[in-house]
Structure formats: structure tokens, C-alpha cells
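Position one of the sequence shown corresponds to residue 18 (the numbering used here), numbered consecutively onward. The beta carbon of each residue, even a glycine, is placed where N, CA and C say it ideally should be. Written below as C-alpha cells is the structure these notes are about.
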Amino acid sequence: MSLYSEIVVPRLVNLTCGTKGMQRWRERACAELTGVVVEIGFGSGTNVQHLPASVERLYAIEPSGVARKLAARRIDDSSVPIDHIGLDGEDIPLPDESCDSALCTFTLCTVPHPDIALRELLRVLKPGGTLHYLEHGLAPDASVAKWQHRIDPIERRIADGCLLTRDPVALIKMAGFETVWTRQRYVKGPKPWSYFSTGVARKIV
Ligand SMILES: C[S@@+](CC[C@H](N)C(=O)[O-])C[C@H]1O[C@@H](n2cnc3c(N)ncnc32)[C@H](O)[C@@H]1O
Numbered sequence: 018m019s020l021y022s023e024i025v026v027p028r029l030v031n032l033t034c035g036t037k038g039m040q041r042w043r044e045r046a047c048a049e050l051t052g053v054v055v056e057i058g059f060g061s062g063t064n065v066q067h068l069p070a071s072v073e074r075l076y077a078i079e080p081s082g083v084a085r086k087l088a089a090r091r092i093d094d095s096s097v098p099i100d101h102i103g104l105d106g107e108d109i110p111l112p113d114e115s116c117d118s119a120l121c122t123f124t125l126c127t128v129p130h131p132d133i134a135l136r137e138l139l140r141v142l143k144p145g146g147t148l149h150y151l152e153h154g155l156a157p158d159a160s161v162a163k164w165q166h167r168i169d170p171i172e173r174r175i176a177d178g179c180l181l182t183r184d185p186v187a188l189i190k191m192a193g194f195e196t197v198w199t200r201q202r203y204v205k206g207p208k209p210w211s212y213f214s215t216g217v218a219r220k221i222v
């Protein structure tokens with residue numbers, strides 16, 4: 018990992034993904050979390066303040082040491098017990114069917130193999146357990162999508178593997194989750210980065 022990826026990117030993500038406008042989206046994505054939760058791509062803990070009282074414990078998976086340090090104060094201030102338990106959402110160190118909910122925000126764009134990470138989430142979720150997500154992704158308009166494909170190679174380099182052209186809802190469905198609800202729309206900002214998908218999907222019983 019380069020110094021840029023290790024030191025600069027987690028701080029940029031903490032700033033750009035921690036804005037006020039993002040908080041409403043995060044609040045909605047976290048609102049129905051319950052019981053034991055696993056979050057992949059925990060980052061600097063920008064979702065912690067939105068965890069509802071129904072969450073008993075959160076297991077965090079995050080490879081970046083800088084992001085884990087940036088998260089320390091948020092974890093200390095949280096009434097929910099939070100433990101960093103691993104570095105890779107594609108290899109979650111938890112037993113099968115041990116979690117009630119899973120959370121991922123702006124992470125399916127970045128993990129190297131989102132299909133493997135989603136399979137891992139299915140494995141650790143109890144039957145009927147839910148995945149709560151908030152992601153940016155491939156836009157429905159051909160003109161925006163064309164730009165996303167053009168920008169992708171640069172985005173991947175400057176944003177540490179992030180791609181603009183993944184379709185999170187399709188990936189979640191393909192992994193075998195059933196949709197509980199999903200909402201997709203452009204938010205304020207440059208369109209290639211602004212097509213957001215949020216929702217809840219369930220592990221089929
Ligand atoms: C764009 S950031 C989003 C951080 C945070 N979820 C948020 O909403 O602000 C993507 C995160 O995924 C993490 N990540 C990258 N590869 C990963 C992997 N294989 N497993 C878990 N997390 C990963 C990065 O370190 C980074 O913290």
C-alpha cells in the first residue's frame with residue numbers, strides 16, 4: 018500500500034463522507050439495524066452516531082490503520098460496544114449465522130471482490146438477517162454512465178480502488194439477498210459520484 022493510500026485517502030474519506038448532507042442518508046441506512054451487527058469497511062466510524070438503541074454490539078472490519086485511529090474517539094463516545102475484529106470483508110472472522118444485521122456504506126465500490134464480501138455477509142448473517150446499505154454506483158443515464166466508465170481508471174488510482182461503475186443493488190441481488198426496500202436517486206454534486214442507492218436486503222430463510 019502506498020503512503021498516499023495509507024495516510025491521505027482515509028482522511029479524505031473521513032472529510033468527504035462525513036459531511037452534514039451525508040448524515041441524513043446514514044441515519045436512514047442505520048435506522049433498522051438490530052442485535053449483533055457486522056460492518057465491513059468501517060472506516061473512521063462515520064456511522065457510529067447513527068446506531069439505534071436496538072443495536073447490542075458492532076463488529077468492525079477495516080483494513081486501514083489510519084481509519085481505525087480516526088474512529089477511536091467515535092468508538093469511545095458510543096454507547097454501543099464496538100470491536101475491530103478483522104481487516105478484510107472478504108474473510109470475516111466470525112462463525113456462520115452469528116449476526117442479526119450487517120452494514121456497509123460506500124464500501125461495495127472499494128472492496129476488491131464485492132461478490133465474495135457479500136457471500137461472507139450471507140454466511141455470518143442468521144437466516145432472515147438483514148443487510149443495510151448506502152452506496153454510490155452506476156448511474157441509469159447513458160451519458161453519466163459513459164463518463165463513469167471514462168473516469169474509473171483515474172478514480173481507482175486516486176480513491177484507493179474505488180470504482181464508479183459498480184451496481185450495488187444488482188450485486189446484492191446476485192449474491193442471493195432478497196430486497197426489503199431500496200431507494201435510488203441522484204444527490205447534490207457531480208453526477209458520476211452522486212447516484213446513491215440505499216436500502217435493506219434480507220438473507221432468505
Ligand atoms: C470509501 S471508504 C468508506 C468508509 C465508511 N464505510 C464510510 O461510509 O465513510 C471505503 C472503506 O472500505 C475499506 N476497505 C477497503 N478494502 C476493504 C476490504 N477488503 N474489506 C473491508 N473494508 C475494506 C477502506 O479501507 C475504506 O475504509
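{"query": "Those residues which DSSP pairs with ARG74 across a bridge", "result": "VAL53"}
{"query": "contact_flag[the region 109-121, the region 47-55] where n(CB pairs < 8 Å) is 3 or more", "result": "yes"}
{"query": "Between the CA atoms of ALA176 and VAL141 - distance to the nearest angstrom", "result": "28 Å"}
{"query": "As assigned by DSSP and simplified to three states, the class of GLU152", "result": "strand"}
{"query": "Close beta carbons around GLY145, own chain, < 7 Å, minus the five adjacent residues each side", "result": "ARG219, LYS220, VAL222"}
{"query": "Local conformation of CYS47 per DSSP, three classes", "result": "helix"}
{"query": "Helix, strand or coil at PRO271 [DSSP, three-state]", "result": "A question about residue 271 goes unanswered here, because the residues of the chain that appear run from 18 up to 222."}
{"query": "Nonlocal neighbours in the same chain, by C-beta distance under 8 Å from TRP198, ignoring five residues either side", "result": "GLY216, VAL217"}
{"query": "Burial state of HIS67, where buried means 16 or more other Cβ atoms lie within 10 Å", "result": "buried"}
{"query": "Element boundaries [beta strand (DSSP E), containing ARG202]", "result": "194-203"}
{"query": "For TYR212: DSSP bridge partner residues", "result": "TYR203"}
{"query": "Distance between LEU32 and LEU104 (C-alpha atoms, nearest Å)", "result": "22 Å"}
{"query": "Own chain partners of ARG200 with C-beta closer than 7 Å, once the 5 adjacent residues on each side are dropped", "result": "THR215, GLY216"}
{"query": "Per-residue burial, SER61 [other beta carbons within 10 Å of its own, 16 or more giving buried]", "result": "buried"}
{"query": "Residue closest to GLU73, alpha-carbon to alpha-carbon, out of LEU50, ALA134, VAL128, ARG91", "result": "LEU50"}
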